[in-house]
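What follows is one structure encoded as structure tokens, with my remarks underneath.
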Amino acid sequence: MKLTPVIMAGGSGTRLWPLSRSLFPKQFLTLASSVSMLQQTVNRTLNLPSEDCILLCNEEHRFLVAEQLRELNYQNGRIMLEPAGRNTAPAIALAAFDIAEKDGDALMMVMAADHVIENQSAFEKAILNAIPLAEDNKLVTFGIVANSPETGYGYIKRGKTLSDDAFEVERFVEKPNLATAKDYLESGEYYWNSGMFMFKASVYLEALKTNAPEIFLACEAAYKAKSEDLDFIRAGKQEFLQSPDDSIDYAIMEHTTDAVVVPMDAGWSDVGSWSALWEIDKKDGNGNATNGDVILHNTSDCLVHATSRLVSTVGLKDVVIVETKDAVLAAHKDQVQDVKEIVSKLKADERTEFKHHREVYRPWGHYDSIDCGERYQVKRITVKPGAKLSVQMHHHRAEHWIVVSGTAKVTNGDIDILLTENQSTYIPVGVVHALENPGKVDLELIEVQSGSYLGEDDIVRFEDRYGRVKG
Numbered sequence: 001m002k003l004t005p006v007i008m009a010g011g012s013g014t015r016l017w018p019l020s021r022s023l024f025p026k027q028f029l030t031l032a033s034s035v036s037m038l039q040q041t042v043n044r045t046l047n048l049p050s051e052d053c054i055l056l057c058n059e060e061h062r063f064l065v066a067e068q069l070r071e072l073n074y075q076n077g078r079i080m081l082e083p084a085g086r087n088t089a090p091a092i093a094l095a096a097f098d099i100a101e102k103d104g105d106a107l108m109m110v111m112a113a114d115h116v117i118e119n120q121s122a123f124e125k126a127i128l129n130a131i132p133l134a135e136d137n138k139l140v141t142f143g144i145v146a147n148s149p150e151t152g153y154g155y156i157k158r159g160k161t162l163s164d165d166a167f168e169v170e171r172f173v174e175k176p177n178l179a180t181a182k183d184y185l186e187s188g189e190y191y192w193n194s195g196m197f198m199f200k201a202s203v204y205l206e207a208l209k210t211n212a213p214e215i216f217l218a219c220e221a222a223y224k225a226k227s228e229d230l231d232f233i234r235a236g237k238q239e240f241l242q243s244p245d246d247s248i249d250y251a252i253m254e255h256t257t258d259a260v261v262v263p264m265d266a267g268w269s270d271v272g273s274w275s276a277l278w279e280i281d282k283k284d285g286n287g288n289a290t291n292g293d294v295i296l297h298n299t300s301d302c303l304v305h306a307t308s309r310l311v312s313t314v315g316l317k318d319v320v321i322v323e324t325k326d327a328v329l330a331a332h333k334d335q336v337q338d339v340k341e342i343v344s345k346l347k348a349d350e351r352t353e354f355k356h357h358r359e360v361y362r363p364w365g366h367y368d369s370i371d372c373g374e375r376y377q378v379k380r381i382t383v384k385p386g387a388k389l390s391v392q393m394h395h396h397r398a399e400h401w402i403v404v405s406g407t408a409k410v411t412n413g414d415i416d417i418l419l420t421e422n423q424s425t426y427i428p429v430g431v432v433h434a435l436e437n438p439g440k441v442d443l444e445l446i447e448v449q450s451g452s453y454l455g456e457d458d459i460v461r462f463e464d465r466y467g468r469v470k471g
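Numbering follows UniProt numbering, in which position 288 of the sequence shown is assigned residue number 288; successive positions increment by one, without gaps.
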């Protein structure tokens, strides 16, 4: 029976700020590997008995997902867009309808895009153990073999033994206090709730129809109203918004009598905080985990992450320091869960550091705002080979473009020109213009904006190959 991995790539990962931002969350970060967490998850599926996968993400992250798949040269992924966040039960339902329509009674393996699994062979063994159970119409969840009394995870209590590798689920329990977590660990009957599942698409939909009919009906209507846009499957927005917001645990797993837990002991972590990253990261002889240009003196058991400049420490212990181009976090390891309070304040104050980095990714490439003042802004712009920015104009700003490397095809009003290294052009206020990279290498240019208003919303798009023109 065919198995389709379903990778949930939504979520914001606020506790890993300032690396994680609303428009560039945890799953797209390169943390404990040479590739991003999403890319690690995709690679994790390559040895499974599957042919393709479905990636679930929201509208704002669609081009990031597509670009990270392109970097892997992975061509077997279908990207399905959630019109809005409605938690895991509705998101999985969209994938289930798609699998049921295309592959009949196929199995689906649901996993998050932002988890770390260190032991690939143990992961694969647990998946293979689960397949016969899922084929027998069970709703399988994977319980992580606990090695410490964690208070940040939900737990699954196992019930009747089905085999050496599977148990009935007796109950799901919420995140415990420390004393309760110690009792769970000592009993050996509790597993961490991994948020990974396997079942037939049809079995999931039937369980949803029975236990959460409002979610089933809304998602069924949203899937029927779907449209395809470039590489994306876009569910019907108005229909999907009618769905209640609920997790798969609350909507189904806590109510069904067919829940089965398969233990997994594979070095799993949800990397839910900076201290969790310190736990799994490589450390020096003093227990320090470092990344980037870092110099330490008389420092122990710290995590120091530098992205754009030298970070040095003296006389620190049990501290987290994370530096980006526009923000620095310093926190005690015991209090990193409260980073989300900083993020909440940034959001309430409508600060840009909540939403995106100084370097912003677009479907055509990326830009870095390297300087700004009252009536000017300077950006370093990188355009991928063959990519083109939208045909647009601005009401309040003029722009100077200076090519640093590569070739630029520029539309400036009624004129089309080619610019190469050290050549430039000027775009007056109100003139329709476009920028394209017709070459085989990245186009790098400096853009100097000047005017009374320099916000990103001062863009009137006339044509756009990425579907960003408002009708």
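Don't be surprised by glycine CBs; every beta carbon is placed ideally from N, CA and C.
In this text the structure is predicted, and so the values were computed from the model without any measurement.
Sort the options by Cα distance to residue i and report the nearest one.
i      : options                           : result
Cys53  : Leu16, Pro5 and Asn47             : Pro5
Gly104 : Val203, Glu82 and Asp183          : Val203
Leu162 : Glu463, Asp258, Thr352 and Gly430 : Asp258
Asp301 : Ile402, Pro363, Met393 and Trp278 : Trp278
Ala387 : Thr256, Ile415, Val404 and Asp464 : Asp464
Leu435 : Asp457, Arg397 and Ile381         : Ile381
Tyr367 : Val441, Val448 and Asp338         : Val448
Ser50  : Ile417, Lys175 and Gly77          : Gly77
Tyr191 : Met264, Lys283 and Lys317         : Met264
Gly413 : Gly430, Leu139 and Leu419         : Gly430
Asn177 : Ser148, Asp164, Gly188 and Glu170 : Ser148
Glu101 : Tyr223, Asn129, Leu23 and Pro385  : Tyr223
Lys409 : Lys379, His394 and Lys440         : Lys440
Gly455 : His395, Phe199, Ile402 and His433 : His395
Arg70  : Ser121, Asp231, Val432 and Lys355 : Asp231
Lys26  : Thr420, Gln392 and His357         : His357
Leu128 : Met37, Asn47, Glu82 and Glu150    : Asn47
Val336 : Gln68, Gly152 and Arg44           : Gly152
Ser20  : Lys340, Glu350, Ile446 and Thr411 : Lys340
Ser269 : Ala218, Gly292, Glu150 and Lys333 : Glu150
Give me the Cα-Cα distance between residue i and residue j, rounded to the nearest whole angstrom.
i           : j      : result
Val319      : Gly406 : 43 Å
Val322      : Asp281 : 14 Å
Leu185      : Ala146 : 7 Å
Asp246      : Ala91  : 10 Å
Val261      : Lys160 : 10 Å
Asn137      : Trp364 : 44 Å
Ala331      : Ser450 : 38 Å
Val110      : Thr41  : 11 Å
Gly236      : Ala181 : 42 Å
residue 478 : Arg461 : Since the first residue of the chain shown is 1 and the last is 471, residue 478 is not available in this structure.
Leu56       : Ser308 : 31 Å
Gly143      : Phe123 : 11 Å
Thr141      : Glu214 : 23 Å
Leu3        : Asn298 : 52 Å
Leu445      : Ser369 : 12 Å
Arg362      : Arg62  : 10 Å
Check the C-beta distance from residue i over to residue j and give it rounded, since I have them as a contact under 8 Å.
i      : j      : result
Thr88  : Ile233 : About 18 Å separates the two Cβ atoms, so there is no contact after all.
Asp458 : Arg375 : Between Arg375 and Asp458 the Cβ distance is about 13 Å, and since that is not below 8 Å, they are no contact.
Met253 : Phe172 : 6 Å
Asn119 : Gly267 : 5 Å
Val304 : Thr290 : 5 Å
Ala112 : Met8   : 5 Å
Met80  : Ala66  : Rounded, the Cβ-Cβ distance is 12 Å, inconsistent with contact.
Leu86  : Ser243 : Note that residue 86 is Arg in the sequence shown, not Leu. About 5 Å; that satisfies the 8 Å criterion.
Gly467 : Asp229 : 5 Å
Please state whether the Cβ-Cβ distance between residue i and residue j is less than 8 Å.
i      : j      : result
Val360 : Leu443 : no
Lys209 : Phe216 : yes
Leu205 : Ala32  : no
Ala201 : Ala106 : yes
Ala207 : Thr256 : yes
Glu60  : Leu23  : yes
Lys175 : Gly188 : no
Gly195 : Asp114 : no
Ser424 : Val404 : no
Ala126 : Phe199 : no
Ala306 : Val294 : yes
Ile417 : Glu399 : no
Leu241 : Ala84  : yes
Arg296 : Pro18  : The residue asked about is misnamed: residue 296 is Leu in this sequence, not Arg. No, they are not a contact pair.
Glu117 : Met108 : This sequence places Ile at residue 117; Glu is not what is there. Contact: no.
Gln75  : Leu38  : no
Glu353 : Asp326 : yes
Asn422 : Pro385 : no
Gln392 : His433 : yes
Output yes if chain B places a C-beta closer than 8 Å to the C-beta of residue i; else output no.
i     : result
Ala84 : The structure shown contains no chain B; it holds only a single protein chain.
Q.
If we require 3 or more residues per run, which beta strand (DSSP E) segments fall completely within the segment 77 to 147?
A. 77 to 82, 107 to 112 and 139 to 145
Q. In chain order, which alpha helix (DSSP H) runs of at least 4 residues are fully inside the segment 318 to 356?
A. 339 to 348 and 352 to 355
Q: Identify every run of the beta strand (DSSP E) within the segment 261 to 330, keeping only runs that are complete inside it and at least 3 residues long; order them along the chain.
A: 289 to 291, 294 to 297, 303 to 306, 311 to 314 and 319 to 323
(Q) Suppose only complete runs of 3+ residues qualify. What are the beta strand (DSSP E) ranges in the segment 141 to 207, listed by chain order? (A) Listed in chain order, the complete beta strand (DSSP E) runs (minimum 3 residues) inside the segment 141 to 207 are 155 to 163, 166 to 173 and 190 to 200.
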